[in-house]
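Heads up: the sequence shown runs through residues 1014 to 1957, numbered per the numbering used here.
Glycine residues also receive a C-beta, built at the ideal position from the N, C-alpha and C atoms.
These numbers come from a predicted model, not from an experiment.
Written out below as structure tokens is the structure these notes cover.
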Amino acid sequence: MTEHDKSLSQDTLPQALRRAGFEGEIENDTALLSAMSTDNSIYQIRPDIVVAPHDSADCAVIASVLSQPQFASVAVTPRGGGTGTNGQSLNRGLIIDTRRHMHRLLDVNVEEGWAEVEPGLVLDDLNEQLRPSGLFFAPETSTSTRCTIGGMVSTDASGKGSRVYGKTSDNILALQIARPEGLLSSNERLPEWAIPMLHRAEQAARGGRDAFMANTPRLNRRFTGYDLERACPPDGGFEWWRLFLGAEGTLGLITRIRVKLRRIESEKQLLVVGFDGFRNALSSTNPLLAAEPTAIEVMNETVQKIASDSGLLDGLPAALRAVPGREIAYTFIEFNSNDPAAVAARIAHCREILAELPGVDEIYQARDRSEIQRLWAIRSGSVGLLGKVDGPARPVAFVEDCVVPPENLPAFVDDFRALLTSHGLSFGIYGHADVGCLHFRPTLNIDSEDDRDRLVAISDAVFDLTRKYGGIFWGEHGKGVRGVYLRPWIGEEAYAALQGVKQAFDPEGRFNPGKLTGNGEAIMGIATTPFRQFNAPEGDPLERVFRCNGNAQCLSYAHSTPMCPSFKATSDLRQSPKGRADALREWHSLHAAGHTDDQLETDLLDTLDGCLGCKACESSCPVQVDIPTMRTIFYEDYYSRHIRPFADRLTLLAERMSRQFKAVSPFLSPVWPLLAGIGQRLTGTQDLPRRLAGQAAPSLRLSDKDLATTSLPDGTVLLVQDWFTALFDAQVIEDIAEGLRALGFRPRLLEMRPAGKAALTMGDRRGFEKMAQALSQQLSGAAETGAPLVGLDPAFVMMLRQDYPKARFAVPEVLLVQEFLVKELETGKTFPSVRGGTSMRLLSHCTEATSVQKSGAMWTRICQTIGIEAETPATGCCGMAGLFGHQSRHQGVSRALFDLSWRTQVETDQPVAATGFSCRCQASRLSDHDLRHPMGLIAEALRQ
1014 MTEHDKSLSQ DTLPQALRRA GFEGEIENDT ALLSAMSTDN SIYQIRPDIV
1064 VAPHDSADCA VIASVLSQPQ FASVAVTPRG GGTGTNGQSL NRGLIIDTRR
1114 HMHRLLDVNV EEGWAEVEPG LVLDDLNEQL RPSGLFFAPE TSTSTRCTIG
1164 GMVSTDASGK GSRVYGKTSD NILALQIARP EGLLSSNERL PEWAIPMLHR
1214 AEQAARGGRD AFMANTPRLN RRFTGYDLER ACPPDGGFEW WRLFLGAEGT
1264 LGLITRIRVK LRRIESEKQL LVVGFDGFRN ALSSTNPLLA AEPTAIEVMN
1314 ETVQKIASDS GLLDGLPAAL RAVPGREIAY TFIEFNSNDP AAVAARIAHC
1364 REILAELPGV DEIYQARDRS EIQRLWAIRS GSVGLLGKVD GPARPVAFVE
1414 DCVVPPENLP AFVDDFRALL TSHGLSFGIY GHADVGCLHF RPTLNIDSED
1464 DRDRLVAISD AVFDLTRKYG GIFWGEHGKG VRGVYLRPWI GEEAYAALQG
1514 VKQAFDPEGR FNPGKLTGNG EAIMGIATTP FRQFNAPEGD PLERVFRCNG
1564 NAQCLSYAHS TPMCPSFKAT SDLRQSPKGR ADALREWHSL HAAGHTDDQL
1614 ETDLLDTLDG CLGCKACESS CPVQVDIPTM RTIFYEDYYS RHIRPFADRL
1664 TLLAERMSRQ FKAVSPFLSP VWPLLAGIGQ RLTGTQDLPR RLAGQAAPSL
1714 RLSDKDLATT SLPDGTVLLV QDWFTALFDA QVIEDIAEGL RALGFRPRLL
1764 EMRPAGKAAL TMGDRRGFEK MAQALSQQLS GAAETGAPLV GLDPAFVMML
1814 RQDYPKARFA VPEVLLVQEF LVKELETGKT FPSVRGGTSM RLLSHCTEAT
1864 SVQKSGAMWT RICQTIGIEA ETPATGCCGM AGLFGHQSRH QGVSRALFDL
1914 SWRTQVETDQ PVAATGFSCR CQASRLSDHD LRHPMGLIAE ALRQ
């Protein structure tokens, strides 16, 4: 055991931090350590402890405590969004999670055009808060929904539009760092204790400045990280903080950042150009620069096909979509300005250039900002989708951000492609052609020794290629373990200067050790750094957790996007699909090797318990890492060896006996409030429904016996109910039945049979299969009547679509209400219209919204046909999710989620409808607003 391991395992560091006044979290939970072991790269390094500081003062406490002699060997590495593609924030020792709490916008000066932020603030969150002021922070990354400003500073991140707006380092005005002596700000008077340190750093930087400049090409995507050139202006002075831009946490802890802001340009237009091949698309870049676009981005045929197969291109005109026998590559060309005439002139010039270029198939022009945003999402979404390929080999990011002068780009790409072809590798290509930065992702199986050798050989060859074509090996995504190439790149004299800078700020070599540069310690390499396991054995039920590539779309900050609700409420990496996948992967690897780690299992139980089971990860994750299904597999194994909690056994019994319970519900109704209170105490729940649903009208009910013997008239619709609806929600049965009748249909209600949702969730596979078998047989019999089947609750319908096929149960098509009605409209069915204007706000169940993305549009169409104005705002999870919101241990998360995106939508004088039973329950208990199902409001409007 190393000395730093001893310090941490003896718990002396946590104690010292608390004594010094540290107020944030200090954790060594095994599930959290697993989550912090990976990022968006192929590497894995397990830390010893994770701290989540609340503010700059907490960071100063960390720096002070670590300066004590007993902690001299403890490594410390700051982490933001964890989106680095080369292991930038992975290390042993102490990880500082800035994302969890340090995400505040501290100050904005509109007149001077700057803002001060904490390092854990997410890029899109910052720009959303700035939008009312008409300002924005320019660097636009493909991971803008989850990358942090601190991470962008540390890697000098860039993205679309950098030819005009520059990289992150071009848009930073000042930094604050935490030192053992206190906080040091570059825009404030220097404290006495900082002067000797900065003097040593300046001496080292000035001594190597000329050699540094001689070895760095003059490109838009300039070389950064220990930027000796800009830190030492030729006319004197020392801008020490510029050394931290791109330094990847190797010099110290950044605690506050002043960013330069720009005015949001009023006019934005986008051309999407289809080319007959990538070579022609790429060759168009240099001529198109004459039209002065803000950005030119390209996607090759491989990326286009992946995006097309995943449905990302469905919104493009048909002429811009590939068809069998015709490949297509895309060029995206954006124009921004405050002058509409200038944009029009530049677009006209661009079209003239395109008319003379070979291979142009089709041009589409987008003027609406929301459409432009959606089209750009094709490019950014394709990044994550590159990991969605079958087989053990997948596209890997390790040589993907080289930069060469744009005029050299075609020749460079030809050589690059020839290199990959010589290794027999397929690859996707996309990126920022206007600045000569293309992202290549060769397809490798990192579990294979041969492919690891190829990774090294290709990296070495590409390093040489960038020098051949006057480029830079690291143009956008930082260096990370690729820092092993820094010494030969920059030369011995300049590298010695970098070492001197490192020595001045970090004499113990404790900040992100092994990265970029050091003074004696070994530098991590692309093949000597531990790799994460890439694949599970073929056919393994937990295969998907190994597919998680750390792209981390599940860590999106946006409250109105459903994935992932538990992470949105906590900002805790454990409580995310990525974090859970990491912990499951570690557990599975140990389990497969015949080992048991009781602490890991306990921590894994805890993090899986925080999952709401909303299934947003199955439909929204680029590689469909379906955590609820993986949780079921873990629970099944775990509870085959351990006794289930009493509350779980009671819930399973309630589901299994729900038909019998429904039969006697008329006799139980008078005493149900008392029984519900007893049930809450026994199961650790609260706010359970206080009323039982009565029996539906005899004219509506259709027993299984009647189903087999009764001839159903035209217009019959068979309604399928789940056990919660049948027992507790008489209103939705009435609303949907009345709404269908008002539209000219004859609804009949099938006898309730439980679907086994609770059993499946809790890993009781035998119980689930028994219930699923019975329900499948009932639905198959119902389908034989020829009448359409319509589910009453979206979560129930989605379970039939998603979980039943996985368990190999074939069920006939069961439609959502809106799907059925739109189908009828498309066959020519006419609906009656309301008299007088009426409106509603319609909120979709999150599982429904992510799985059926046109759900809101369907409701809008139905309401427009009837004459109702419907508003369908985007919302995240309401926080109920079946039993989750009733369980006492989850109240904090449940209530926080409702406040994030539902409360403001519900608390209004406008009529509000919600499609989900859970959502209506949550609104009723947390806002005192009783929501109806939209069909109930439609029925009322038609009656009036």
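Between the segment 1136-1151 and the segment 1169-1184 there are three or more C-beta pairs closer than 8 Å, enough to call the two in contact.
If you check the CB distance, ASP1735 and HIS1946 do not come in under 8 Å. Between SER1712 and PRO1726, the alpha-carbon positions lie close to 14 Å from each other. The Cβ-Cβ distance between VAL1130 and LEU1118 falls below 8 Å. Note: ILE1442 is bridge-paired with PHE1453 in the DSSP secondary-structure output. In this structure, the CA atom of GLY1290 is about 37 Å from the CA atom of PRO1550.
With a threshold of 16 other beta carbon atoms within 10 Å, ASN1053 meets it and is buried.
Bridge partners of ALA1342 according to DSSP: PHE1288. Beta-bridge pairing by DSSP links ALA1224 to no other residue. Per DSSP, THR1307 is not a residue of any beta strand (DSSP E), being assigned neither H nor E. Between PRO1575 and THR1168, the beta carbon gap of about 29 Å keeps them out of contact (Cβ cut-off 8 Å).
Of ALA1320, ARG1276, THR1263, the smallest CA-CA separation from PRO1145 is found for ARG1276. DSSP places LYS1492 outside both helix and strand once states are collapsed to three, so it counts as coil.
In the structure shown, the three-state DSSP call for VAL1074 is helix. ASP1327 has no beta-bridge partner at all, per DSSP.
Under the three-pair Cβ rule at 8 Å, the segment 1522-1537 counts as touching the segment 1486-1497. In the DSSP assignment, GLU1194 falls outside any alpha helix (DSSP H) and carries neither an H nor an E. In this chain, the beta strand (DSSP E) harbouring GLY1804 covers 1802-1804.
Linking GLY1692 to ARG1269 through their CA atoms gives a straight-line distance of about 50 Å. Judged by DSSP secondary structure, SER1852 falls outside any alpha helix (DSSP H) and instead within the beta strand (DSSP E) spanning 1851-1856. Boundaries of the beta strand (DSSP E) harbouring ARG1759: 1759-1763, taken from the DSSP string. With a 10 Å radius around the Cβ and a threshold of 16 neighbouring Cβ atoms, PRO1635 comes out buried. Less than 8 Å divides the Cβ of PRO1590 from the Cβ of VAL1638. By the neighbour-count definition (other C-beta atoms within 10 Å, threshold 16), ALA1883 is a buried residue. Boundaries of the beta strand (DSSP E) around ARG1271: 1266-1273. Assigned with DSSP and collapsed to three states, LEU1788 falls in helix. Between GLN1877 and the set SER1857, LYS1867, THR1851, GLY1889, the nearest pair of CA atoms involves THR1851. In this structure, CYS1567 is the residue among TRP1600, HIS1601, CYS1567 with its C-alpha nearest to the C-alpha of ASP1585. Put simply, the backbone Cα of MET1871 is about 55 Å away from that of ARG1480. By the Cβ neighbour-count rule, LEU1451 is buried, with 16 or more other Cβ atoms within 10 Å of its own. Remark: C-beta atoms of PHE1257 and LEU1188 approach each other more closely than 8 Å. Under the three-state reduction of DSSP, SER1297 is assigned to coil, being neither helix nor strand. The C-beta separation of VAL1285 from LEU1241 comes to about 41 Å, leaving the pair out of contact by the 8 Å criterion. The Cβ atoms of PRO1767 and GLU1649 do not sit closer than 8 Å to each other.
Ranking GLY1728, ILE1746, LEU1715 by CA distance to the CA of GLY1707 puts ILE1746 first. With a cutoff of 8 Å on beta-carbon distance, ARG1243 and ARG1234 are scored as not near each other.
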